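Asker:
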Amino acid sequence: MKLNFSGSHSQSHTIAGLFLLLLPLLLPNLFGPLGRASPSMFSEWNAPKPRHMDLLRGALQRQTSVQQQSRLWSPLANQGWKPCAETTKVPLPEKSRGYIQVFLDGGLNQQKMGICDAVAVAKILNATLVIPHLEVNPVWQDSSSFTEIFDVDHFIDVLRDEVSIVKDLPSEYSWSTREYYGTGIRATRIKTAPVHATANWYLENVLPVLESNGIAAIAPFSHRLTFENLPANLQRLRCKVNFQALAFVPHIRALGDTLVNRLRSSPNKNQAAQTKYLLLGRDQIGKQNAGKFVVLHLRFDKDMAAHSACDFGGGKAEKLALAKYRQVLWQGRVLNSQFTDEELRNQGRCPLTPEEIGLLLAALGFDNNTRLYLASHKVYGGEARISTLRKLFPLMEDKKSLASVEERAKVEGKASLLAAVDYYVSMQSNIFISASPGNMHNALVGHRAYMNLKTIRPNMALLGQLFLNKSMEWSEFQRAVLDGHKNRQGQIRLRKEKQSIYTYPAPDCMCQT
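Residue numbers for the sequence shown, in mature numbering (1 follows the signal peptide of the UniProt record, and there is no 0): -37 to -1, 1 to 476.
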C-alpha cells in the first residue's frame, strides 16, 4: 500500500471501501449468491477454440532443417560492445551528510529500478543509503522485503567504494519508520519529487532537509531520477547496481539452478514419445540442440486482457465480462476502448494470446522438440487457454512441472520471489522472448543486451496485421514472420533521449571494443 498523509486521502479510501462493500447490492447481476463474484466477472474465463485454425494446422505439420535450427540457436556474434559499468574511483566523503530512506512500490522489476536510482541519489547527496523499504505489492499482496529477495551483504560489498549503505538506521533515528510517515505530515519526508527529477532538484530540495535533520525519507520514489544530463560516472553506477550488485538470495539462485539443470537435460521417455523425439532425420537436430532451452515470458493476465480492450475470441460473454471488469477497476477510463479491435491490432496494441505466441515461435523455426520454459504468473483462462501452445510445444515446462512442492516451498505464494526465479532462469536461457512489453520484458531486454545474449522482440504491429488476415497460408505467414524479425534478435540499440538505461544500456553503460 502507498503511504497516506492526509485526512482527505483517508476519507477517499473509506468511501472506496464502502463502495466495494455495497457493490453486490448496487450491481446484483455481477455477483452470485451471498455477494460472491460470478465466474464471468472475476474467475478464469474458459478459453475459446483456436482462432487461427489454418495456421495452426500448418504449424503442427511444420518441419525445420538442420541449417535453420543452427541459425536459430547460434549465439549472437560480437557486436562491438562490452559491459562497462565500472566507475572512476572517487574516495567516499569522510563524513556523510545524513541518511536517505526510500519507499518503493510496484512489482519486482519496478522496485529494482528504484533501488538503482536510490543508490545514485545517495551518491549525488553524499548521503548514506538505508536499505530500501519495499511496499506491499497492491496487485499480488506480496510483502517480501529487500533482504528476502536480494543478497544484502553482496549488495553492500559490491558498492562499498561507491556509496555508504546501512541495513538499519542507528538508534537515534529509529523513529523514522513507514508507520511514522503514515500518520501525519513530517518535516523529514519528501513527497514532491517529480518524475525524472534532475540531480540539481535533489541538491536544492533534499539536501537542506538532510542538513537540518540528518535524515530524509523520499516517498513516492518510482521513476524519480532523470536519465538525461547526468555525469557518466553516475549513469554507470546505476548500471553497476542493476547488473552486478542486485543478486538474488542464495535459495532463489539454487532453485533457479535446479530448474536450469533440468531444462538442459534430455526429456523423459514419456515426453520423448509425445514429441516423436527420435523420428528418423530428427536425431541430428536433437543432438545439435541438446542442452539448449528458450524462455517465454507470457504476460496474459486478466488485467492486461481487460485493459487492452481487444477481442480474444470468447464471443459476447467474454467481451461483457472484460467490460465489467474494466468498469470496476478503472471506471471504464481505458484509452483503448475508443478504438475497434482491428484498429488496435493494426497498431500492435493487443497482447499476444498463448496461441499466437506459439504460432510466432513455430514460424521462427522452433520445432516440437524445443525445451520451452514458461515464465508467467497467472494466465487468463488458465490451462485451457494454454492448451494450443502446449500442442505446439509438448516439452513446455514451468516451475511446477520441473520442481517439487518441497523445492518450491520458500517461494510459493510470493509473487516477487516467483518473479525472481523466472528472471534468474531467463538470464541463463539460450534465447528469451516476451509475449508483450512490460517491466519484466524491459528489464530482461536490457540485461541480456548488456550480456550480448539472444533476445527476440516480437514485432507487435506486424503480427497484429498478420493475424487479422484469415486467408493467409502457413508458408506465407512464416516468410513474413522471418522477414519481420531479422533485426529483432538482440541487436544492440543505442539509447535515445528519455529512454531508460535499464532497457537500453548502450552507450551509457557499455564501451565499444
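We treat Cβ as the ideally placed atom computed from N, Cα and C, and that holds for glycine. As the structure is a computational prediction, the values presented were derived from the model and not from experiment.
Just the Cα atoms here: how many angstroms apart are GLU319 and ARG348?
Answerer: Residue numbering aside, residue 319 sits at position 356 when the sequence shown is read from its first letter. Residue numbering aside, residue 348 sits at position 385 when the sequence shown is read from its first letter. GLU319 and ARG348: Cα-Cα distance of roughly 11 Å.
Asker: So, do the region 353 to 371 and the region 212 to 221 have three or more beta carbon pairs nearer to each other than 8 Å?
Answerer: With the cut-off at 8 Å, the region 353 to 371 and the region 212 to 221 touch.
Asker: If we call anything under 8 Å between Cβ atoms a contact, is LYS377 one with ASP105?
Answerer: Counting from 1 along the sequence shown, the entry for residue 377 is found at position 414. Counting from 1 along the sequence shown, the entry for residue 105 is found at position 142. In this structure, ASP105 lies closer than 8 Å to LYS377 by Cβ.
Asker: Going by DSSP, what residue range makes up the beta strand (DSSP E) through MET473?
Answerer: Translated into the one-based positions of the sequence shown, residue 473 becomes position 510. Counting along the chain, the beta strand (DSSP E) containing MET473 begins and ends at 473 to 475.
Asker: Would you call ALA372 buried or exposed, if buried means 16 or more other Cβ atoms sit within 10 Å of its Cβ?
Answerer: Reading the sequence shown from its first residue, position 409 is the one you call residue 372. The residue is exposed, with fewer than 16 neighbouring Cβ atoms inside 10 Å.
Asker: By how many angstroms is the C-alpha of GLY328 removed from the C-alpha of ASP266?
Answerer: Residue 266 sits at position 303 when you count from the first residue of the sequence shown. Residue 328 sits at position 365 when you count from the first residue of the sequence shown. Taking the straight line joining both Cα atoms gives about 31 Å.
Asker: According to DSSP, is HIS448 helix, strand or coil?
Answerer: One-based indexing of the sequence shown puts residue 448 at position 485. In this structure, HIS448 counts as coil in the three-state DSSP scheme.
Asker: In three-state terms, what does DSSP make of GLN30?
Answerer: Locating residue 30 in the sequence shown gives position 67, counting from the first residue. It is helical.
Asker: Let me check one thing: in DSSP terms, what residues is TRP44 bridge-paired to?
Answerer: Here the question's residue 44 lines up with position 81 in the sequence shown. TRP44 is bridged to GLN475.
Asker: Return yes when the Cβ of PHE184 is within less than 8 Å of the Cβ of GLY69, no when it is not.
Answerer: Within the sequence shown, numbered from 1, the residue matching residue 69 stands at position 106. Within the sequence shown, numbered from 1, the residue matching residue 184 stands at position 221. Not closer than 8 Å, so no.
Asker: Let me know the secondary structure DSSP gives VAL65 once reduced to three states.
Answerer: Here residue 65 is taken as the residue at index 102 of the sequence shown, counted from 1. VAL65 falls in the strand class under three-state DSSP.
Asker: Quick check on MET359: does DSSP put it in helix, strand or coil?
Answerer: For the purposes of this step, residue 359 is taken as residue 396 along the sequence shown, with counting starting at 1. Correct three-state label for MET359: strand.
Asker: Quick one: residues in its chain with C-beta nearer than 6 Å to the C-beta of LEU(-13), no 5 flanking neighbours on either side, listed in chain order?
Answerer: Start at 1 with the first residue of the sequence shown, and residue -13 comes out as number 25. Confidence at LEU(-13) is low in this model, with a pLDDT of 41, below 50, so its placement is unreliable and the value that follows should be read with caution. Nothing listed; no residue qualifies.
Asker: Which residue's Cα is closest to the Cα of ASN309: LEU200, LEU429, ALA83?
Answerer: As a position in the sequence shown, residue 309 is number 346, starting the count at 1. Taking only the C-alpha atoms, the option nearest ASN309 is LEU429.
Asker: If I'm right that THR316 touches PHE356 with Cβ under 8 Å, what's the distance once you round it to whole angstroms?
Answerer: The residue labelled residue 316 in the question sits at position 353 within the sequence shown. The residue labelled residue 356 in the question sits at position 393 within the sequence shown. No, THR316 and PHE356 are not in contact; Cβ-Cβ is about 15 Å, not under 8 Å.
Asker: So what's THR50 in DSSP terms, helix, strand or just coil?
Answerer: Along the sequence shown, read from residue 1 onward, the residue named residue 50 stands at position 87. Looking at THR50 - three-state DSSP - the assignment turns out to be coil, as it is neither helix nor strand.
Asker: Who are the near neighbours of THR351 in its chain, counting only those whose CB is closer than 7 Å to its CB and skipping five residues on each side?
Answerer: Counting from one through the sequence shown, the residue named residue 351 turns up at place 388. So the qualifying residues of the chain are PRO13, LEU19, PRO317, GLU318, GLY321.
Asker: Out of ARG296, GLU369, SER389, ASN89, point me to the one whose CA is closest to GLU57's CA.
Answerer: One-based indexing of the sequence shown puts residue 57 at position 94. The option with the nearest alpha carbon to GLU57 is ASN89.
Asker: Count the other CB atoms, across all protein chains shown, that sit within 10 Å of the CB of residue 560; report buried if there are 16 or more and exposed otherwise.
Answerer: There is no way to answer for residue 560, as the model of the chain reaches only from -37 to 476.
Asker: Need the endpoints of the alpha helix (DSSP H) that VAL291 sits in, please.
Answerer: One-based indexing of the sequence shown puts residue 291 at position 328. Looking at the DSSP string, the run of the alpha helix (DSSP H) that includes VAL291 is 278 to 293.
Asker: Take the Cβ of TRP437 as the centre, count every other Cβ of all protein chains shown within 10 Å, and call the residue buried at 16 or more, exposed below.
Answerer: Working through the sequence shown from its first residue, we reach residue 437 at position 474. Its Cβ being crowded by 16 or more others within 10 Å, TRP437 is buried.
Asker: Check whether the region 149 to 159 touches the region 28 to 39, counting contact only when three or more Cβ pairs, one atom from each stretch, lie closer than 8 Å.
Answerer: Short answer: they don't touch.
Asker: If you scan the region 177 to 226 from start to end, which runs of the beta strand (DSSP E) of 3 or more residues do you find wholly inside it?
Answerer: Entirely contained in the region 177 to 226, the beta strand (DSSP E) runs reaching 3 residues are, in chain order, 178 to 181.
Asker: May I have the straight-line CA-CA distance separating VAL368 from ASP471, to the nearest angstrom?
Answerer: For the purposes of this step, residue 368 is taken as the residue at position 405 of the sequence shown. For the purposes of this step, residue 471 is taken as the residue at position 508 of the sequence shown. Approximately 43 Å between the Cα atoms of the pair.
Asker: Can you tell me which of LEU97, ALA208, ARG442, GLU174 puts its alpha carbon nearest to the alpha carbon of ARG141?
Answerer: Residue 141 sits at position 178 when you count from the first residue of the sequence shown. ARG141 has its Cα closest to that of LEU97, out of LEU97, ALA208, ARG442, GLU174.
Asker: Beta-carbon separation of VAL115 and LEU222 under 8 Å?
Answerer: Position 152 of the sequence shown, counted from the start, is the residue given in the question as residue 115. Position 259 of the sequence shown, counted from the start, is the residue given in the question as residue 222. No, the Cβ-Cβ distance between VAL115 and LEU222 is not below 8 Å.
Asker: Kindly indicate which residue of ASP446, LYS282, MET473 has the alpha-carbon position closest to the one of ALA269.
Answerer: Position 306 of the sequence shown, counted from the start, is the residue given in the question as residue 269. It is LYS282.
Asker: Can you give me the C-alpha to C-alpha distance between GLN198 and VAL169, rounded to a whole angstrom?
Answerer: Counting from 1 along the sequence shown, the entry for residue 198 is found at position 235. Counting from 1 along the sequence shown, the entry for residue 169 is found at position 206. GLN198 and VAL169: Cα-Cα distance of roughly 20 Å.
Asker: My understanding is that ALA182 touches PHE109, with C-beta atoms under 8 Å, so please give their C-beta distance in whole angstroms.
Answerer: Here the question's residue 182 lines up with position 219 in the sequence shown. Here the question's residue 109 lines up with position 146 in the sequence shown. The Cβ separation is near 15 Å, so there is no contact.
Asker: Quick check on the burial criterion: 16 or more other C-beta atoms within 10 angstroms. Buried or exposed for LYS449?
Answerer: Locating residue 449 in the sequence shown gives position 486, where the first residue counts as 1. With fewer than 16 other Cβ atoms within 10 Å, it is exposed.
Asker: So, at 8 Å on beta carbons, what are the nonlocal neighbours of GLN462 in its own chain, with the 5 sequence-adjacent residues on each side left out?
Answerer: The residue given as residue 462 occupies position 499 in the sequence shown. PHE190.
Asker: Thinking just about the alpha-carbon of each residue, which of ILE394, TYR413, LEU431, MET414 is nearest to the one in ARG420?
Answerer: Your numbering for residue 420 matches position 457 in the sequence shown. Nearest of ILE394, TYR413, LEU431, MET414 to ARG420, Cα basis: ILE394.
Asker: How far does the beta strand (DSSP E) with HIS260 in it reach, from first residue to last?
Answerer: What you label residue 260 is simply residue 297 of the sequence shown in a count that begins at 1. Unbroken beta strand (DSSP E) run through HIS260: 257 to 260.
Asker: Would you mind giving the Cβ-Cβ distance between ALA48 and PHE206, rounded to the nearest angstrom? I have them listed as a contact below 8 Å.
Answerer: Within the sequence shown, numbered from 1, the residue matching residue 48 stands at position 85. Within the sequence shown, numbered from 1, the residue matching residue 206 stands at position 243. Rounded, the Cβ-Cβ distance is 6 Å, consistent with contact.
Asker: How close, in whole Å, do the beta carbons of VAL172 and LEU132 come, if the pair is a contact with beta carbons under 8 Å?
Answerer: Taking the sequence shown and counting its residues from 1, the one referred to as residue 172 is at position 209. Taking the sequence shown and counting its residues from 1, the one referred to as residue 132 is at position 169. Going by Cβ atoms, the distance from VAL172 to LEU132 rounds to 15 Å, so no, they are not a contact pair.
Asker: Closest to LEU358 by CA distance: which of SER59, SER397, SER229, GLU135 is it?
Answerer: To locate residue 358, count along the sequence shown from 1; it is residue 395. Minimum Cα distance to LEU358 is reached at SER229.
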